[in-house]
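To start, the structure under review is shown below, and the notes come after it.
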Amino acid sequence: MPESTPSKADKPKRAIEVLRERHGGMSKELKEYFNEQQKIYKALRAALKNGPRTVPELAKDCNLPAPAVMWHLMALRRYGQVLDGPEENGYLLYTLPRA
Amino acid sequence: MADIRDRYDALVIGGGIAGMQAALDLGEQGFEVLLVERTPSIGGVMVGLNKVFPTLDCSSCICTPRMAESAHHPRIRLQTYTEVRQVEPVGTGFRVELECKPRYLNEDTCIGCDECELACPIEVPHEFDYGLGARRAIYIPHGNAIPQKAVLDLEHCIFCGKCEKVCPTSCIDFTAEAKQVRVDVGTVIVATGLEILPMDKKPEYGGMLPNVMSPLAMERIQSSNGPYGRVLRPADGKIPRSIAYIQCAGSRDRSIGVPYCSRVCCMYALKQALLLRHYIHGVEVALYYMDIRAFGKGYEQFYRRAVAEGVNVIKGKVARVTQADNFDLILRVELLDEGGRVDEHRYDLVVLSQGLIAAWHPDGVIDIEDADDGFIHTPEIKLNPSFTTMPGVFVGGVAAGPKDIPDAIVEAGEAAMAAANYLKRYRWRSSKPVAAVA
Numbered sequence: 472m473p474e475s476t477p478s479k480a481d482k483p484k485r486a487i488e489v490l491r492e493r494h495g496g497m498s499k500e501l502k503e504y505f506n507e508q509q510k511i512y513k514a515l516r517a518a519l520k521n522g523p524r525t526v527p528e529l530a531k532d533c534n535l536p537a538p539a540v541m542w543h544l545m546a547l548r549r550y551g552q553v554l555d556g557p558e559e560n561g562y563l564l565y566t567l568p569r570a
Numbered sequence: 024m025a026d027i028r029d030r031y032d033a034l035v036i037g038g039g040i041a042g043m044q045a046a047l048d049l050g051e052q053g054f055e056v057l058l059v060e061r062t063p064s065i066g067g068v069m070v071g072l073n074k075v076f077p078t079l080d081c082s083s084c085i086c087t088p089r090m091a092e093s094a095h096h097p098r099i100r101l102q103t104y105t106e107v108r109q110v111e112p113v114g115t116g117f118r119v120e121l122e123c124k125p126r127y128l129n130e131d132t133c134i135g136c137d138e139c140e141l142a143c144p145i146e147v148p149h150e151f152d153y154g155l156g157a158r159r160a161i162y163i164p165h166g167n168a169i170p171q172k173a174v175l176d177l178e179h180c181i182f183c184g185k186c187e188k189v190c191p192t193s194c195i196d197f198t199a200e201a202k203q204v205r206v207d208v209g210t211v212i213v214a215t216g217l218e219i220l221p222m223d224k225k226p227e228y229g230g231m232l233p234n235v236m237s238p239l240a241m242e243r244i245q246s247s248n249g250p251y252g253r254v255l256r257p258a259d260g261k262i263p264r265s266i267a268y269i270q271c272a273g274s275r276d277r278s279i280g281v282p283y284c285s286r287v288c289c290m291y292a293l294k295q296a297l298l299l300r301h302y303i304h305g306v307e308v309a310l311y312y313m314d315i316r317a318f319g320k321g322y323e324q325f326y327r328r329a330v331a332e333g334v335n336v337i338k339g340k341v342a343r344v345t346q347a348d349n350f351d352l353i354l355r356v357e358l359l360d361e362g363g364r365v366d367e368h369r370y371d372l373v374v375l376s377q378g379l380i381a382a383w384h385p386d387g388v389i390d391i392e393d394a395d396d397g398f399i400h401t402p403e404i405k406l407n408p409s410f411t412t413m414p415g416v417f418v419g420g421v422a423a424g425p426k427d428i429p430d431a432i433v434e435a436g437e438a439a440m441a442a443a444n445y446l447k448r449y450r451w452r453s454s455k456p457v458a459a460v461a
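Going line by line, the protein sequences match chains U and S.
Position 93, counted from 1, in the first sequence is what the numbering used here calls 564; the numbers after and before it change by one each time, with no gaps.
Position 45, counted from 1, in the second sequence is what the numbering used here calls 68; the numbers after and before it change by one each time, with no gaps.
Here you go:
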């Protein structure tokens with residue numbers, strides 16, 4: 472008689488699952504924050520596909536407040552997902568790195 | 024890393040420049056020191072500064088060797104990300120309760136490669152950049168951090184497990200928990216440093232507007248490893264063409280509970296203003312002051328240099344900062360050298376020269392007193408400036424009151440000497456003395 476395959480419930484839990492359970496998972500606020508952040512990144516990347524943009528231009532293209540665009544753009548820049556370029560009318564132009 | 028021993032000669036609370044200096048001075052004299060820092064890296068405020076006055080040395084370049092020396096000293100045990108919960112006198116020494124917070128990884132096997140940080144999908148405001156830049160939920164505190172070990176900020180973790188998957192040494196340990204540790208020490212040095220007065224203390228100065236900055240945020244913006252890579256304004260990334268400094272924005276003001284002079288604001292503002300003139304060609308920098316206090320060695324010459332290089336110092340009291348539609352700022356100011364004429368000026372960016380306040384208070388942890396100004400009370404200020412209200416507990420650096428880096432180092436050295444004298448007097452030793460061979 473073949474051994475029965477262990478059910479999902481019998482499988483040992485991964486450490487991350489233990490941690491998630493211990494802390495009750497992601498809070499509602501963090502989930503909203505994360506989803507909003509992903510939406511902003513998507514909008515910024517889409518706008519930058521059309522060419523270099525300054526922060527006020529991106530704010531207009533994405534219909535977002537300039538301070539929020541600045542913060543998220545700098546977060547992308549920090550991790551190499553956006554590059555800063557030359558100056559135009561007192562602002563820097565930002566681009567997507569070459570794939 | 025070896026476990027914390029149960030007995031040391033001295034506990035130093037705070038791993039900023041003063042705490043490191045005190046620990047090194049005691050270590051060099053042969054004492055065994057436990058240096059405890061509550062954040063994930065030593066270095067304190069100084070390692071995040073751009074340059075120091077009046078020499079304009081790169082701050083992290085002169086701070087990191089001290090950090091490395093403290094971390095590698097054979098008689099200093101460094102314990103980061105740890106809170107001191109209780110210090111109780113026992114005989115002539117002290118029993119100390121520590122809480123070592125979990126980094127959620129094995130510090131011995133973490134190689135600081137950054138792979139976990141690169142894999143983490145969420146960005147949150149980075150404390151090291153005063154919120155202007157981003158870090159991830161798992162991160163290495165900064166490029167000069169010691170130890171170069173990652174730390175997981177559970178509050179912002181989305182529990183995706185990506186960090187664990189990419190770690191080349193499998194050091195991530197999600198099951199880690201805080202550890203309570205008890206240690207006996209012969210003496211304690213408090214070197215818990217400073218904070219800047221909160222930006223919302225004087226709403227009329229617009230401290231919560233995006234282009235009104237704290238001086239520490241400006242330090243990060245000016246730093247080559249800062250959040251923007253160059254000087255830009257936070258609201259919209261504009262390269263500022265005009266910048267105003269408001270002096271005594273958070274000092275010498277009874278209405279906000281800071282009646283004292285913070286001693287460093289004139290000099291850090293002059294330094295930042297001068298550097299802005301270097302970094303942005305043709306930028307207009309105005310510094311509104313009550314009176315310039317350039318009291319230290321070489322400071323008056325530095326003030327003259329800043330003025331000579333185009334920093335516009337204006338004796339005036341700013342009444343209000345408001346924001347225009349395009350994030351520009353309008354300063355309403357009483358010009359004291361023009362008979363009190365009230366004027367309005369428009370600037371791209373404003374820096375509030377906020378005063379210094381104590382970063383830590385001993386209530387409930389150790390039975391020493393704060394003074395009226397919120398810093399640690401030093402009852403023998405003239406002849407024994409590092410003595411607190413409890414024998415065997417000493418204070419060094421800004422924990423005892425506002426001061427600049429050289430004064431903090433001098434005072435920390437004095438605290439170490441007083442602590443060494445105390446240990447000698449009561450013949451406290453954490454270990455058997457090594458036999459001398461003639």
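Glycine included, every Cβ here is placed at the ideal spot set by N, Cα and C.
Met-545 of chain U burial status per 10 Å Cβ neighbour count (16 or more: buried)
buried
Would you please verify whether the beta carbon of Leu-515 of chain U is less than 8 Å from any beta carbon of chain S?
no
Quick one: using the 10 Å Cβ neighbour count with 16 as the cut-off for buried, is Asn-349 of chain S buried or exposed?
exposed
Can you pull the chain S neighbours of Thr-525 of chain U, defined as C-beta to C-beta under 8 Å?
Gly-260
Within a Cβ cutoff of 7 Å, which residues of the same chain sit near His-179 of chain S, ignoring the five residues on either side of it in sequence?
Ile-145, Val-147 and Ala-160
Determine, for Arg-491 of chain U, whether the minimum Cβ-Cβ distance to residues of chain S falls below 8 Å.
yes
Any idea what DSSP makes of Cys-469 of chain S, helix, strand or coil?
With chain S covering only 24 through 461, there is no way to say anything about residue 469 of chain S.
Given this structure, state the Cα-to-Cα distance separating Gly-184 of chain S from Val-330 of chain S, to the nearest angstrom.
55 Å
Give the single residue among S:Leu-299, S:Tyr-127 and S:Leu-47 whose Cα lies nearest to the Cα of Ser-193 of chain S.
S:Tyr-127
Given this structure, state the Cα-to-Cα distance separating Arg-243 of chain S from Arg-448 of chain S, to the nearest angstrom.
45 Å
Closer than 8 Å, CB to CB, is Glu-120 of chain S near chain U or not?
no
For His-368 of chain S, write down the residues that DSSP places opposite it in a beta bridge.
S:Leu-354
Just the chain S side, please: which residues come within less than 7 Å of Ile-487 of chain U by C-beta, in chain order?
Phe-182, Gly-184, Glu-187 and Phe-197
For the alpha helix (DSSP H) containing Tyr-562 of chain U, list its first residue and its last residue.
No alpha helix (DSSP H) contains Tyr-562 of chain U, which is instead part of the beta strand (DSSP E) from 562 to 566.
Same chain, Cβ closer than 7 Å to Pro-527 of chain U, five either side skipped, listed in chain order:
Ala-537 and Tyr-562
What separation, rounded to the nearest whole angstrom, lies between the Cα atoms of Gly-363 of chain S and Glu-357 of chain S?
5 Å
Do Tyr-251 of chain S and Leu-375 of chain S come within 8 Å of each other at the CB atom, strictly closer than that value?
no
Use the C-beta contact count for Ser-454 of chain S: other C-beta atoms within 10 angstroms, 16 or more gives buried, fewer gives exposed.
exposed
What are the boundary residues of the alpha helix (DSSP H) that Asp-430 of chain S is part of?
428 to 448
When Cβ atoms are compared, which residues of the segment 99 to 115 of chain S fall closer than 8 Å to chain U?
none
Test item: CB-CB of Leu-121 of chain S and Val-189 of chain S under 8 Å
no
Quick check: the Cα distance between Ser-246 of chain S and Leu-255 of chain S, rounded to an integer number of angstroms?
12 Å
I need the boundaries of the beta strand (DSSP E) containing Gly-17 of chain S, first residue and last residue.
With chain S running from 24 to 461 in the structure shown, residue 17 of chain S is simply not present.
So which residues of chain S does Gly-561 of chain U contact, with C-beta pairs closer than 8 Å?
Lys-261, Ile-262 and Arg-264
Tell whether a beta-carbon distance below 8 Å holds between Met-290 of chain S and Tyr-268 of chain S.
no
Between Asp-555 of chain U and chain S, is there a C-beta pair that is closer than 8 Å?
yes
Kindly indicate which residue of S:Glu-111, S:Val-306 and S:Asp-137 has the alpha-carbon position closest to the one of Val-334 of chain S.
S:Val-306
Which chain U residues sit within Cβ distance under 7 Å of Ala-157 of chain S?
Met-545, Ala-546 and Arg-549
Mapping DSSP to helix, strand and coil, what is Leu-58 of chain S?
strand
Assign Ala-240 of chain S to one of two classes, buried (16 or more other C-beta atoms within 10 Å of its C-beta) or exposed (fewer than that).
buried
Take the Cβ of Glu-403 of chain S as the centre, count every other Cβ of all protein chains shown within 10 Å, and call the residue buried at 16 or more, exposed below.
exposed
Can you confirm whether Glu-558 of chain U, when its beta carbon is compared against all beta carbons of chain S, has any partner nearer than 8 Å?
yes
Enumerated in chain order, which unbroken segments of the alpha helix (DSSP H) with a length of 4 residues or greater are wholly contained in the segment 70 to 112 of chain S?
82 to 95
With distances taken from CA atoms, which of U:Lys-484, U:Tyr-565 and U:Glu-488 is nearest Leu-515 of chain U?
U:Tyr-565
Using a Cβ-Cβ cut-off of 7 Å (strictly less than) and excluding sequence neighbours within five positions of Glu-92 of chain S, which residues of its own chain qualify?
Leu-47
Excluding sequence positions up to five away, which residues of its chain have a Cβ less than 6 Å from the Cβ of Val-547 of chain U?
Checking the displayed sequence, the identity of residue 547 of chain U turns out to be Leu instead of Val. Val-553.
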